[in-house]
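Notes follow the structure.
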Amino acid sequence: MAISDKAKNKVNQAIGKVKETVGEVTDNRQLEVEGRLQSGKAKVAEKVDDLKKTVKDAVDNVKDASKR
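Using numbering that gives the first Met the number 0, the letters of the sequence shown correspond one by one to residues 0 to 67.
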């Protein structure tokens, strides 16, 4: 995962949390839900990227082991 992807996910999580909080404070249910969705999507994207890296590392380890 590129650092920019990781940073982008963190920024989207933060923006989502801000939207959620502003929605709660202003009693704007739509903004609150939008914030939760944005934050949740960013968290899922981060976990997917982590999983991709784990799988890639495992595949690389198998390839290295098979060369020995």
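A virtual CB, placed ideally from N, CA and C, is assigned to each residue, including glycine.
These figures come from a predicted structure and were not determined experimentally.
Using the three-state DSSP reduction, which class does ASN11 fall into: helix, strand or coil? helix
Buried versus exposed, by CB contacts within 10 Å (16 or more), GLU19: buried
Just verifying my parser: in three-state terms, what is the DSSP assignment at ASP4? helix
Run of the alpha helix (DSSP H) containing ASP63, from where it starts to where it stops: 28 to 66
Please report how far the alpha carbon of LYS9 lies from the alpha carbon of LYS16, in whole angstroms. 11 Å
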